[in-house]
Every structure is written in structure tokens, then in C-alpha cells.
Amino acid sequence: MKIIKINDVDYTVFTANEGIAKSQPHIIEILSGTVPEGKQLSLLKEYLEQNDIVPIKGATTYWCIDKVLKLDSSKED
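In full-length UniProt numbering, the protein residues as written are 1 to 77.
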């Protein structure tokens with residue numbers, strides 16, 4: 001689990017079976033506690049682009065979350 005900020009909104013990023021809302025990887029808006037249904041992929045792609053990572057063509061939510069988590073962990077090292 002990692003916390004990221006996209007457009008001044010804080011989100012928690014969960015891997016599969018990590019969060020309580022869904023069994024698959026997902027993000028939850030911290031303030032409202034909701035999953036941004038239908039917007040997760042575009043939000044994750046925007047976050048990656050802001051961090052100089054260009055999503056591959058056909059990138060999925062799974063792929064983006066994997067990259068976000070790796071990006072965040074590499075920043076902590």
C-alpha cells in the first residue's frame with residue numbers, strides 16, 4: 001500500500017487482496033474512502049506521466065499500479 005497525490009487529491013494504492021474494497025489492485029480516494037470507478041486507469045496514467053513514466057500502449061490498471069508501487073519504493077530507497 002502506498003499513498004500518492006494526483007491533482008491535489010490523496011489516494012491509497014492497493015495491490016491485489018490488500019484493500020478491503022476489492023480483491024484486485026485498486027486505488028481509493030482517502031478523503032471520501034471511495035474507489036474512483038471508471039477513473040482509476042486514467043488517474044494512474046496521469047500520475048505515471050507526472051513522474052516521467054510513459055504508460056505502454058494498452059496499459060491496464062494492474063500494469064499501472066505495479067509501476068506506481070515500484071516508483072514509490074524506489075523513491076524511498
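Beta carbons: idealized from backbone N, C-alpha and C, even for Gly.
Subject >> Residues that DSSP places opposite Glu29 in a beta bridge >> reply: Tyr11
Original post:
Between Ile27 and Thr34, which are expected to be in contact by the criterion C-beta below 8 Å, what is the C-beta distance as a whole number of angstroms?
Top reply: That belief does not hold up - the Cβ atoms of Ile27 and Thr34 are roughly 10 Å apart, past 8 Å.
Original post:
Just the Cα atoms here: how many angstroms apart are Ser23 and Tyr62?
Top reply: 12 Å
**OP:** Pull up the CB-CB distance for Val13 and Val54, whole angstroms please, since I reckon it's below 8 Å.
**Re:** Val13 to Val54, Cβ: 19 Å. No contact.
**OP:** Count the other CB atoms, across all protein chains shown, that sit within 10 Å of the CB of Leu43; report buried if there are 16 or more and exposed otherwise.
**Re:** buried
Original post:
Should residue 135 and Ile65 be called a contact, given that it needs their Cβ atoms to be closer than 8 Å?
Top reply: Shown here, the chain extends from 1 to 77; a query on residue 135 therefore has no answer.
**OP:** With a threshold of 16 other CB atoms inside 10 Å of the CB of Gln40, please say whether the residue is buried or exposed.
**Re:** buried
**OP:** Pull up the CB-CB distance for Leu31 and Asp10, whole angstroms please, since I reckon it's below 8 Å.
**Re:** 7 Å
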